[in-house]
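**Student:**
Chains as they are written, first to last, in this note's numbering: chain W, 1227 to 1387; chain X, 439 to 598.
#1: Which residues in chain X sit within 7 angstroms of residue 1262 of chain W, going by Cβ to Cβ distance?
#2: Give me the Cα-Cα distance between residue 469 of chain X and residue 475 of chain X, rounded to the nearest whole angstrom.
#3: So residue 1246 of chain W contacts chain X; which residues on that side make the cut at Cβ distance below 7 angstroms?
#4: With burial defined as no fewer than 16 other Cβ atoms inside 10 Å of the residue's Cβ, what is the status of residue 1231 of chain W: buried or exposed?
#5: Would DSSP call residue 1213 of chain W helix, strand or coil?
#6: Taking Cβ-Cβ distances shorter than 8 angstroms, what residues in chain W pair up with residue 532 of chain X?
#7: Assess, as a yes-or-no matter, whether the segment 500-510 of chain X is touched by the segment 519-527 of chain X under the definition of 3 or more beta carbon pairs within less than 8 angstroms.
#8: Residue range of the beta strand (DSSP E) that residue 454 of chain X falls in?
#9: Below 8 angstroms on C-beta distance, what does residue 453 of chain X contact in chain W?
#10: Using the C-alpha atoms, what's the distance from residue 455 of chain X back to residue 537 of chain X?
#11: Reducing DSSP to helix, strand and coil, say where residue 497 of chain X ends up.
#12: Is it true that the CB of residue 1259 of chain W sits closer than 8 angstroms to the CB of residue 1239 of chain W?
#13: If the cut is a Cβ gap below 9 angstroms, which residues of chain W does residue 518 of chain X touch?
#14: Any beta carbon of chain W sitting closer than 8 angstroms to that of residue 595 of chain X?
#15: Measuring CB to CB, does residue 535 of chain X end up less than 8 angstroms from residue 458 of chain X?
#16: Less than 8 angstroms separating the beta-carbons of residue 493 of chain X and residue 1244 of chain W?
#17: Does residue 1239 of chain W have its Cβ less than 8 angstroms from a Cβ in chain X?
#18: Under a CB-based cut-off of 8 angstroms, is residue 1252 of chain W close to chain X?
#19: Whole angstroms are fine: how far does the CA of residue 582 of chain X sit from the CA of residue 532 of chain X?
#20: Apart from the five residues on each side of it in sequence, which residues of its chain come closer than 6 angstroms, Cβ to Cβ, to residue 498 of chain X?
#21: Considering just the uninterrupted stretch of the alpha helix (DSSP H) at residue 449 of chain X, what are its terminal residues?
#22: Taking the DSSP output, what are the residues bridged to residue 464 of chain X?
#23: Could you compute how far the alpha carbon of residue 1274 of chain W sits from the alpha carbon of residue 1264 of chain W?
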């Protein structure tokens, strides 16, 4: 029990301190490719089209993968299990925007909208991006992460009445 | 050598090197991908986090925002150049100051410059000022500062 109460050096720490520990970015494997994720510059906009021609024409680019390239059926936590569709892919949000938001029993209308694009309730607004391109925007103000405690507080207040 | 490449000659950790690189490559890219010195980390890649800190002619610089051609004919020192027996490295180990360890190489290069230029025991405030450009997302600053101040003492603490 001599180890109890003493100061001990962390196993492997000196490798990190000497700079010889291999982090993921430090690995170099034969034939290894690097991927770059392109995310929407808008919080909640429709994907009207993806033009990958310029990227594909760039020297050294092996592939450009979009939602159209995903296999079917697709089993993944990010996928709507009932329909086996990715939650966000080209054209998906456009088909789903007609539905009006429905608040669930807990009043989590916005959270529901985030989890399922079909629950969007806002009429699309026409905006212009920084580059001047006209975009359709479905942005709704997000609720703070403190929403569940607030909701519990609301129920408590109702009980007091 | 590609027609668009330039031949760069400099010293890394005391060793003369020559490498053909595109002229727009940063010092970080040359160190990590041409020379495979991966101890210097690529964090934010835009001069915010300090993980890529190396020493150019003894002065700490951010390798991700330093063009490699700026190192022509100069001395570059990386974490690999500290060896492994530097008092700072021992102090960081003793104080448990490396959690994930990603920021540690940059911290070491900044702290080594502080201790070398001060030549005496430094205060926590001096250490904090010297490491202001090195972000630790494990938020372990207390132990890092303890280690730097400790290492600045003559001889440091005895080995446990």
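For every residue, glycine included, the Cβ atom is placed at its ideal position computed from N, Cα and C.
**Tutor:** Result, derived from the coordinates:
#1: None at all; the shortest Cβ gap to chain X is about 13 angstroms.
#2: For the pair residue 469 of chain X and residue 475 of chain X, the Cα-to-Cα distance works out to about 5 angstroms.
#3: Neighbours of residue 1246 of chain W across chain X, judged by C-beta separation under 7 angstroms: 477.
#4: Residue 1231 of chain W should be labelled exposed.
#5: Since the first residue shown for chain W is 1227 and the last is 1387, residue 1213 of chain W is missing from the structure and cannot be characterised.
#6: Those within 8 angstroms of residue 532 of chain X in chain W are 1233 and 1235.
#7: Contact between the segment 519-527 of chain X and the segment 500-510 of chain X is absent: fewer than 3 CB-CB pairs across the two stretches fall below 8 angstroms.
#8: Segment 453-459, the beta strand (DSSP E) holding residue 454 of chain X.
#9: Listed along the chain, the chain W residues whose CB falls inside 8 angstroms of the CB of residue 453 of chain X amount to none; the nearest CB is some 16 angstroms away.
#10: Looking at the two C-alpha atoms, the distance is approximately 33 angstroms.
#11: Note: residue 497 of chain X maps to strand in three-state DSSP.
#12: Not closer than 8 angstroms, so no.
#13: The answer, in chain order, is 1244, 1245 and 1246.
#14: Caution is warranted here: a pLDDT of 43 is assigned to residue 595 of chain X, below 50, making its placement in the model unreliable, and the coordinate value is therefore given only provisionally. The Cβ of residue 595 of chain X sits no closer than 8 angstroms to any Cβ of chain W.
#15: Result no, Cβ atoms of residue 535 of chain X and residue 458 of chain X do not sit closer than 8 angstroms.
#16: Residue 1244 of chain W sits away from residue 493 of chain X, with the two beta carbons spaced by 8 angstroms or more.
#17: Yes, contact with chain X.
#18: So, interface residue.
#19: Rounded to whole angstroms, the separation of the alpha carbons of residue 582 of chain X and residue 532 of chain X is 10 angstroms.
#20: Its chain contains 491, 547, 548 and 551 as the residues whose beta carbon lies nearer than 6 angstroms to that of residue 498 of chain X, once the 5 sequence neighbours on both sides are disregarded; these appear in chain order.
#21: Where residue 449 of chain X is concerned, there is no enclosing alpha helix (DSSP H), although the beta strand (DSSP E) it sits in stretches over 444-450.
#22: Answer by DSSP bridge pairing, in chain order: X:505.
#23: If you take the alpha carbons of residue 1274 of chain W and residue 1264 of chain W, they lie about 15 angstroms apart.
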